[in-house]
Amino acid sequence: MVSPNSPETPGGAAAAPRATRPIKDVVIRLAGNSQDGIQAVGGFLARLAGRSEQDVMTYMTIPSTISGGPSIFQVRMGTGDILSAGDRADMLVAFYQHSYDAHIGSLRPGGVLLYDSDHVKPAEGDHRFTAVACPITTGTVEAVGGTAKDKGKNIFVLGLIARIFDLDVEKLSALIKERFGGKHEDVVRNALLAFDAGYAWPQNNLRDLFYRFEAIEEAVARTGHPQITLDGNSAVAYGLIAAGVRHGAGYPITPWSSIMEILRSELPKYGGIFVQCEDEIASISTALGFSYTGGVAITGSAGPGLSLKMEALSWATMAEMPLIVVNVQRGGPSTGMPTNVEQSDLMQAIWGSHGDTPRVVLAPKNVEDCFYITMEAVRIAKEYSTPVIILTDQALSSRIEAFDEPDLAKIMVDPKVDRSERPADFKPYPLDRLTQHAPAGTKMASGRYPTVTGLEHDEHGHPTGSPKLHQQMNAKRREKIKALAATLPAPELSGDSAGEVLLVTWGSNWGPAREALARVRAAGVKAGHMHLRHVHPLPNGLEQTFSRYHKIVVAELNDEGVYGFGQFTTMLRARYAMPNIVSVCKTDGLTFKVSEIVAGISRHVESTELEATLGVARQSALAQR
Amino acid sequence: MSSAVVTPPQPGQPLTKKALVADHPTWCPGCGDFAVLASFYRVLEKLQYPHEKIVTFAGIGCSSRFPYFVNTHGGHFIHGRALPFAAGISLGNDDLHVFVFGGDGDGFSIGGNHLTHTARKNIRITYVIMDNSVYGLTKKQTSPTSPVGFKSKTDPTGAVDQPINPMRTLLNSGATFVARSHATQVNHMTDMMLRAARHDGFSVVEILSECVEFFEGAFDAANPRKGGNWVVIEEKKNDGSPEDAKRHDVTDEVAAFKLASLAWPGAFGVFYENKSRKTKNALEADLITRARERTKGASDLAVLQATFAKLR
Ligand SMILES: Cc1ncc(C[n+]2csc(CCOP(=O)(O)OP(=O)(O)O)c2C)c(N)n1
Ligand code: SF4
Ligand SMILES: [Mg+2]
Numbered sequence: 001m002v003s004p005n006s007p008e009t010p011g012g013a014a015a016a017p018r019a020t021r022p023i024k025d026v027v028i029r030l031a032g033n034s035q036d037g038i039q040a041v042g043g044f045l046a047r048l049a050g051r052s053e054q055d056v057m058t059y060m061t062i063p064s065t066i067s068g069g070p071s072i073f074q075v076r077m078g079t080g081d082i083l084s085a086g087d088r089a090d091m092l093v094a095f096y097q098h099s100y101d102a103h104i105g106s107l108r109p110g111g112v113l114l115y116d117s118d119h120v121k122p123a124e125g126d127h128r129f130t131a132v133a134c135p136i137t138t139g140t141v142e143a144v145g146g147t148a149k150d151k152g153k154n155i156f157v158l159g160l161i162a163r164i165f166d167l168d169v170e171k172l173s174a175l176i177k178e179r180f181g182g183k184h185e186d187v188v189r190n191a192l193l194a195f196d197a198g199y200a201w202p203q204n205n206l207r208d209l210f211y212r213f214e215a216i217e218e219a220v221a222r223t224g225h226p227q228i229t230l231d232g233n234s235a236v237a238y239g240l241i242a243a244g245v246r247h248g249a250g251y252p253i254t255p256w257s258s259i260m261e262i263l264r265s266e267l268p269k270y271g272g273i274f275v276q277c278e279d280e281i282a283s284i285s286t287a288l289g290f291s292y293t294g295g296v297a298i299t300g301s302a303g304p305g306l307s308l309k310m311e312a313l314s315w316a317t318m319a320e321m322p323l324i325v326v327n328v329q330r331g332g333p334s335t336g337m338p339t340n341v342e343q344s345d346l347m348q349a350i351w352g353s354h355g356d357t358p359r360v361v362l363a364p365k366n367v368e369d370c371f372y373i374t375m376e377a378v379r380i381a382k383e384y385s386t387p388v389i390i391l392t393d394q395a396l397s398s399r400i401e402a403f404d405e406p407d408l409a410k411i412m413v414d415p416k417v418d419r420s421e422r423p424a425d426f427k428p429y430p431l432d433r434l435t436q437h438a439p440a441g442t443k444m445a446s447g448r449y450p451t452v453t454g455l456e457h458d459e460h461g462h463p464t465g466s467p468k469l470h471q472q473m474n475a476k477r478r479e480k481i482k483a484l485a486a487t488l489p490a491p492e493l494s495g496d497s498a499g500e501v502l503l504v505t506w507g508s509n510w511g512p513a514r515e516a517l518a519r520v521r522a523a524g525v526k527a528g529h530m531h532l533r534h535v536h537p538l539p540n541g542l543e544q545t546f547s548r549y550h551k552i553v554v555a556e557l558n559d560e561g562v563y564g565f566g567q568f569t570t571m572l573r574a575r576y577a578m579p580n581i582v583s584v585c586k587t588d589g590l591t592f593k594v595s596e597i598v599a600g601i602s603r604h605v606e607s608t609e610l611e612a613t614l615g616v617a618r619q620s621a622l623a624q625r
Numbered sequence: 626m627s628s629a630v631v632t633p634p635q636p637g638q639p640l641t642k643k644a645l646v647a648d649h650p651t652w653c654p655g656c657g658d659f660a661v662l663a664s665f666y667r668v669l670e671k672l673q674y675p676h677e678k679i680v681t682f683a684g685i686g687c688s689s690r691f692p693y694f695v696n697t698h699g700g701h702f703i704h705g706r707a708l709p710f711a712a713g714i715s716l717g718n719d720d721l722h723v724f725v726f727g728g729d730g731d732g733f734s735i736g737g738n739h740l741t742h743t744a745r746k747n748i749r750i751t752y753v754i755m756d757n758s759v760y761g762l763t764k765k766q767t768s769p770t771s772p773v774g775f776k777s778k779t780d781p782t783g784a785v786d787q788p789i790n791p792m793r794t795l796l797n798s799g800a801t802f803v804a805r806s807h808a809t810q811v812n813h814m815t816d817m818m819l820r821a822a823r824h825d826g827f828s829v830v831e832i833l834s835e836c837v838e839f840f841e842g843a844f845d846a847a848n849p850r851k852g853g854n855w856v857v858i859e860e861k862k863n864d865g866s867p868e869d870a871k872r873h874d875v876t877d878e879v880a881a882f883k884l885a886s887l888a889w890p891g892a893f894g895v896f897y898e899n900k901s902r903k904t905k906n907a908l909e910a911d912l913i914t915r916a917r918e919r920t921k922g923a924s925d926l927a928v929l930q931a932t933f934a935k936l937r
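Quick note, the sequences are listed as chains A and B, same order.
Numbered according to the numbering used here, the first sequence spans residues 1 to 625.
Numbered according to the numbering used here, the second sequence spans residues 626 to 937.
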């Protein structure tokens with residue numbers, strides 16, 4: 001039997017003998033139009049992988065303005081640790097000629113091209129790939145019939161892929177039923193029909209194209225927790241809820257919007273409110289008003305909106321008001337490349353705004369970290385009564401990854417606000433202690449009620465023009481951020497603890513950098529990798545680590561600037577005054593390929609082995625044919 | 626500036642002006658804003674809200690120094706953005722009584738868009754605009770309510786741009802309580818602020834408050850002591866009398882627009898009051914109630930666990 005969903009599927013019971021090939025991981029790129037439900041297929045694969053204890057990472061692009069424009073979804077799934085979305089695809093599924101034209105270059109030689117023969121004519125005489133023609137459109141129309149037309153092509157393709165990679169049909173069918181379960185029963189039936197048709201189709205056409213993930217049964221559940229599968233923006237949103245954030249305000253902008261959409265519909269379940277404001281200035285102002293009532297509130301945006309928030313952010317520093325600002329970075333300046341990734345908001349996050357505004361900036365390394373770093377940000381904001389900026393990015397925002405389900409019973413934070421009466425000696429801005437505001441609604445034993453203010457002030461919040469107090473208060477605001485720095489854990493360091501090169505990354509470059517490190521070391525270069533999640537303030541003691549390597553190579557997704565260094569590199573050079581800190585930068589709107597980082601390192605490190613390896617193509621997941 | 630000595634309120638004792646004064650005002654002698662402050666103490670004395678539940682907030686300007694002079698929870702935000710901040714306070718803790726004070730530049734120029742949106746959302750806030758038709762703090766530039774011909778530092782030969790009409794602007798934005806008063810009419814001003822505070826929704830009182838330093842005599846036209854004409858809006862009493870037909874129906878938006886369009890200095894009093902529109906505070910509370918009905922009042926932990934279970 002080919003499929004459990006409809007036993008009478010043609011081609012049925014007598015399955016052809018299968019010569020399955022074992023593989024560790026595979027990169028599949030689906031290319032079509034956004035209305036084809038490509039994201040849905042990617043989502044099914046990602047969640048299936050999550051349920052199968054496989055690691056999974058996805059890479060998705062959606063055009064920002066056009067609905068119905070070209071769209072891709074790339075999923076890499078496998079049984080080992082998956083760190084990056086994969087440099088090149090092992091399999092390309094092309095729905096249209098334009099999909100084929102735009103993406104055939106991303107398929108590695110020897111890879112599998114699966115195309116809809118109703119729409120695509122591959123280049124003649126191109127023998128680099130195993131080309132499989134499949135009438136995806138007519139196959140779907142025949143299977144589903146009726147008025148649905150070619151709706152369901154995506155699920156047909158999911159069936160094809162399930163067959164080729166011997167995926168768990170039962171789990172996939174369950175996912176399909178869950179996904180379409182709320183809709184008309186025809187919808188579920190049509191989806192299962194399309195799936196079965198796709199699953200059955202390869203029977204006589206793909207004879208020797210079957211793969212099986214290695215040791216899929218033995219893949220260990222690392223903590224005994226089930227895995228959850230979600231994108232980075234969802235992980236941020238749920239991290240906020242888990243950290244006790246109940247109020248927020250925002251204004252839509254790609255790629256931040258989905259965070260506010262989730263919070264708008266989720267927070268009421270927790271007694272909270274998310275307000276859609278008239279602009280980003282109103283958003284941060286409303287969020288600060290929320291924080292003033294006692295919790296830690298959240299606002300967020302992408303680069304252009306973060307710029308609009310700057311004046312109020314300085315108020316938050318001056319008034320010492322806790323706040324979370326999520327900035328999902330995209331390509332800038334201005335509207336720039338709104339649906340592409342970049343790490344070019346670092347400087348504005350750390351230094352943007354007027355006046356001296358020491359503030360906290362954190363950057364998650366992957367989707368799982370989007371959840372945990374958000375919880376940490378809220379803890380810091382509360383403890384140090386300070387704004388904290390979370391710098392995530394477009395790639396993380398939409399990428400789906402599977403990770404161990406957090407143990408909520410252990411880590412969930414109670415959002416209770418302390419409105420107990422404050423003692424007679426309460427001061428909103430004590431010079432010798434961290435500020436902890438008395439939220440509006442709190443009784444004051446002294447009968448004196450505090451003022452929070454953006455004017456320089458004395459310990460009671462009264463405005464002052466005293467030069468001495470301004471210096472003292474500036475020092476207070478600076479020293480608390482230094483106190484935080486002293487508590488930060490040493491950053492993750494892997495590879496050789498001393499040697500030729502230390503690769504340094506921040507934010508979402510963690511994954512490809514880890515893979516790049518392995519390649520560089522395999523080529524005989526003594527190398528380490530340091531990844532920073534706390535980008536400001538930096539943890540103490542980095543200079544000792546830096547001094548053990550000849551070159552510090554910082555890979556970041558922004559321009560090398562007028563002086564030849566990326567934004568983080570510039571900061572590290574200013575901070576440590578070490579001329580051997582150099583940059584590998586790019587701004588093509590895409591995440592780093594492993595090979596790009598390796599090539600970047602080779603430009604700064606003399607190594608014939610490294611150069612030699614660069615010529616060699618990646619050992620493929622799919623066996624060479 | 627020194628902080629005023631305050632007697633801690635004794636339980637059961639009424640809230641008096643003595644407990645409400647804070648720093649000594651820094652305004653110029655003769656500034657209209659003093660009278661607004663004095664009136665506000667009277668309003669709070671009448672309202673007798675629990676002391677800790679009163680919040681006084683402001684943006685930037687001479688008038689926006691207000692919160693330093695009132696001993697309540699409060700603060701001084703950035704120029705033009707006090708309303709969205711106050712929206713967060715009001716929605717974040719529905720128990721609080723939130724008052725915002727500010728100038729004509731703060732409210733109608735840099736904060737104009739916030740005024741529109743806070744009004745249309747009907748967020749429970751009382752907003753007092755101290756309109757002096759000039760930028761006071763920055764020393765005499767043209768403001769959005771400066772009349773054409775007003776000589777300021779930015780218009781030395783006289784302002785050329787058409788000023789906005791505050792009452793029409795507020796009505797158009799959807800504010801549910803709109804009133805106008807004059808800082809020389811203390812009883813009227815107190816009454817307007819009191820009614821605004823008691824209104825369940827976004828209530829605004831525009832108070833003509835003279836800047837003696839930079840726009841002396843700006844509002845004499847409405848001041849009888851200076852030979853002006855003080856025209857108070859007579860509100861409908863619904864007593865069936867023939868004179869009642871001529872009185873203003875505060876629920877009639879069109880009539881309010883007509884009143885707002887009278888020639889300078891116009892009329893004073895309540896232009897519009899809408900008691901039927903729900904506040905955003907109430908609408909958001911409804912959303913929470915409905916969401917919690919769906920989750921059957923499950924704990925926060927259980928709700929998030931259930932969400933994660935669906936992501937498996
Ligand atoms: C972003 C910003 N722009 C400009 C200013 C300078 N500024 C302070 S108050 C003010 C105008 C004050 O006029 P108004 O709001 O009418 O208040 P008034 O002083 O007349 O009471 C200006 C332009 C500022 N503080 N912040
Ligand atoms: S400058 Fe004008 S508005 Fe400001 S305090 Fe003096 S009189 Fe009042
Ligand atoms: Mg003014």
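Built from N, CA and C at the ideal position, the CB exists for glycine as well.
DSSP-derived helix/strand/coil call for residue i
i	result
A424/A	coil
D25/A	strand
G336/A	coil
H184/A	coil
V785/B	coil
S173/A	helix
H460/A	coil
L610/A	helix
Y752/B	strand
I400/A	strand
T138/A	helix
Boundaries of the beta strand (DSSP E) in which residue i is found, first to last residue
i	result
Y372/A	Careful: Y372/A lies outside any beta strand (DSSP E), inside the alpha helix (DSSP H) at V367 to Y384.
I298/A	I298 to S301
T451/A	T451 to T453
I104/A	Here I104/A belongs to no beta strand (DSSP E), and DSSP marks it neither H nor E.
Q329/A	L323 to Q329
First through last residue of the alpha helix (DSSP H) which encompasses residue i
i	result
F592/A	It is not in any alpha helix (DSSP H) - F592/A carries neither H nor E in the DSSP assignment.
S664/B	D658 to L672
R264/A	S257 to E266
S291/A	E280 to Y292
Top-ranked residue by Cα proximity to residue i, from the options
i	options	result
G244/A	A282/A, I380/A, P333/A and N154/A	I380/A
R433/A	M444/A, P387/A, R478/A and D418/A	R478/A
I241/A	G43/A, D425/A, G32/A and E376/A	E376/A
Y549/A	Q472/A, E500/A and P579/A	E500/A
S173/A	L455/A, K183/A, A363/A and L192/A	L192/A
G352/A	S307/A, L517/A and G600/A	S307/A
A89/A	G110/A, F95/A, G69/A and V584/A	G110/A
R108/A	V120/A, F129/A and S314/A	F129/A
Nearest-angstrom beta carbon gap, residue j and residue i [assumed within contact, 8 Å]
i	j	result
P255/A	Q394/A	5 Å
T591/A	V582/A	Actually they do not touch by this definition, with Cβ atoms about 21 Å apart.
Positions along the region 355 to 373 of chain A whose CB lies within less than 8 Å of some CB in chain B: none
Relative to chain A, which residues along the region 670 to 704 of chain B have a C-beta separation below 7 Å, given in chain order? E677, K678, V680, P692, Y693, N696, T697, H698, G699, G700, H701, F702 and I703
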